[in-house]
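Residue numbers (my numbering), protein chains in the order written: chain A, 1 to 157; chain E, 158 to 625.
This report refers to the structure that appears directly beneath it.
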């Protein structure tokens, strides 16, 4: 027969393994909800179309920044570079907005040869340029309001 | 909300996560066997290898099968079911084989039923490509549910065990409990029915006001017909004819949950619960079996009730409560307790055996595993795009959760003991098979829900090629 101490240890080890199972299961769900590690973020962005690296600069009306004018993040400013900007609630978005009416990856703003274009990424509640809901990528000019849920953004010089 | 989340992340299969979880689940099972053997006899159980190879091999095969035929399925469904089934198997082995109690069957029959269930699981996942096709035959499903429920009433075929007439005997195979499968057929029928009748059930209403205050939106009289039929059927047939309170409660609960999911109107629940409890209150002095159950629940510790005649006393319930109290926080260790003091512990009361030997810590794991299974099912309902699948997935997961509640609530004396089994855990072939069938349906539905939709033509490449 085994000693009581051994049996006690076996018992505790078994309970620990049971809980390990539950904790790992919760971990799987967590990754399912929020995505895991930076590795996945990279993978998520890679399928985006590559934009020309350096947009020709020096045009008169070229915007330099993206400003949030309304909504929870009002006042936030993002400097524009040649990289596309993804707006949404997901952690890997460039501009993470905490807005109940926004989707995970809601919209993308990118530069197409110096012209800035906004594109809806299949969001639930839609992206509005002025009064119109986007159905396909549309060029944006400086000062034109882009509405996502309760958040309004615009390009500034 | 769910759309926002599901578009937020790139679709992932996560089959390797499933494999890791499954290996851990098999490990838990083997550990349970080993611990029970070591504690009881001081040696590893002789059948450990055979059980391990059969059970582990079968669940790994199921995993490989999912990899090929349902690669987008939720990664947690199979491991959660496997760990529950494995724990149940180990506990049954410990209760019957390790104590030399061969009268009540053995873990081997449970293992055979596990094998059969996993094969049926694979067949369903393989053949039922679109669960939507089940939507086509709601009334056939309803009819088969009724037939299955009434089968035990046929003289010669039906068997009465412990006062409830819910088994049929099949020569050469033993006994089956057709009501387990009737539940699934009923969920299919209700999903199909609710999809077509959803609007009329949720919109047409009469508003009851006292002064300017809105009290409740009552449905129109004629729309209450399905509710009345379900209620009448559950009450009259189940309670009066077959004394099967558990199935009756489960069916009516599932019906209420599904009508609520379809219409989002609380008035249905209020009406349904009021009608059900009204009928229970009216019937319980009249139906002997029913009043016994209520009596043993309310006055369980009364000596007269405890020592009452066979089948009408509260011995099982009280001993189960003491067994769980004996377990305390950490339990006595698998094999270390005396769960055999509870009569028929391997069936409905298996939870008390877990309570005694694994303690509160282990019971919480079982409850959490069941809860996670239900949560994954509800998540499928949220993620799916089809109304029928939404209804079906939420119906099945509610059924699994409610069944666990009815059993565990019964053995812990929260509600009257009604006679149902914890999904996947308890001994019983038909119950196990029915649970695995429900799991197969969930796996198939989650595969279809999580599979990424074909790329829209507007996206990315295609547009650019045309514009060039």
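We put the beta carbon where it would ideally sit given N, CA and C, even for glycine.
- For residue 25 of chain A, the closest Cβ of chain E is nearer than 8 Å.
- When DSSP states are grouped into helix, strand and coil, residue 547 of chain E belongs to the helix group.
- Put simply, the segment 597-608 of chain E touches the segment 226-241 of chain E. At least three CB pairs are less than 8 Å apart.
- Residue 86 of chain A is a Cβ neighbour of residue 108 of chain A, given a cutoff of 8 Å.
- Here residue 77 of chain A is bridged, per DSSP, to A:67.
- About 6 Å separates the beta carbons of residue 185 of chain E and residue 18 of chain A, which is inside the 8 Å limit, making them a contact pair.
- Per DSSP, reduced to three states, the secondary structure at residue 116 of chain A is strand.
- The C-beta distance from residue 577 of chain E to residue 568 of chain E rounds to 11 Å, too long to fall under 8 Å, and the pair is not in contact.
- Classified as exposed, residue 378 of chain E has fewer than 16 neighbouring CB atoms from the shown chains inside 10 Å of its CB.
- A straight-line Cα-Cα distance of about 7 Å links residue 144 of chain A and residue 129 of chain A.
- Listed in chain order, the positions of the segment 180-192 of chain E with a beta carbon within less than 9 Å of a beta carbon of chain A are 181, 182, 184, 185, 188, 189, 191 and 192.
- A straight-line Cα-Cα distance of about 11 Å links residue 508 of chain E and residue 244 of chain E.
- Of the residues E:570, E:252 and E:246, the one whose Cα lies closest to the Cα of residue 272 of chain E is E:246.
- Residue 174 of chain E has a beta carbon lying within less than 8 Å of a beta carbon in chain A.
- Looking only at A:5, A:10, A:146 and A:83, the smallest Cα-Cα distance to residue 114 of chain A is reached by A:83.
- In the structure shown, residue 374 of chain E falls within a strand segment according to DSSP collapsed to helix, strand and coil.
- Here residue 504 of chain E is buried, its C-beta having at least 16 other C-beta atoms within 10 Å.
- Listed along chain E, the residues sitting closer than 9 Å to residue 10 of chain A by beta-carbon distance are 188, 191, 192, 195, 196, 490 and 491.
- DSSP links residue 392 of chain E through a beta bridge to no other residue.
- Any Cβ of chain A closer than 8 Å to the Cβ of residue 205 of chain E would place that residue at the interface, and such an atom is absent.
- Residues 543, 545 and 546 of the same chain have their beta carbon placed closer than 8 Å to that of residue 289 of chain E, with the five preceding and five following residues left out of the count.
- When rounded, the separation of the alpha-carbon atoms in residue 101 of chain A and residue 92 of chain A is 18 Å.
- Rounded to whole angstroms, the separation of the alpha carbons of residue 310 of chain E and residue 402 of chain E is 15 Å.
- For residue 354 of chain E, the enclosing alpha helix (DSSP H) starts and ends at 336-360.
- When DSSP states are grouped into helix, strand and coil, residue 229 of chain E belongs to the coil group.
- Residue 96 of chain A has a beta carbon lying at 8 Å or more from every beta carbon in chain E.
- Residue 129 of chain A is bridged by DSSP to A:132 and A:146.
- In the structure shown, residue 298 of chain E falls within a helical segment according to DSSP collapsed to helix, strand and coil.
- Taking the Cβ atoms as the reference, residue 348 of chain E lies roughly 4 Å from residue 549 of chain E, within the contact range of under 8 Å.
- When DSSP states are grouped into helix, strand and coil, residue 263 of chain E belongs to the coil group.
- Of all residues in the segment 213-245 of chain E, the ones placed with a Cβ closer than 9 Å to any Cβ belonging to chain A are 231, 232, 233, 236, 237, 240 and 244, in chain order.
- Nearest CB-CB separation between residue 22 of chain A and chain E: below the 8 Å threshold.
- Taking 8 Å as the cut-off, the Cβ atoms of residue 234 of chain E and residue 340 of chain E do not count as close.
- Assigned with DSSP and collapsed to three states, residue 592 of chain E falls in helix.
- Non-local C-beta neighbours of residue 590 of chain E in its own chain, meaning closer than 7 Å and more than five positions away in sequence, comprise 270, 273, 274 and 277, ordered along the chain.
- Membership of residue 155 of chain A in the beta strand (DSSP E) is indicated by the continuous run 151-156.
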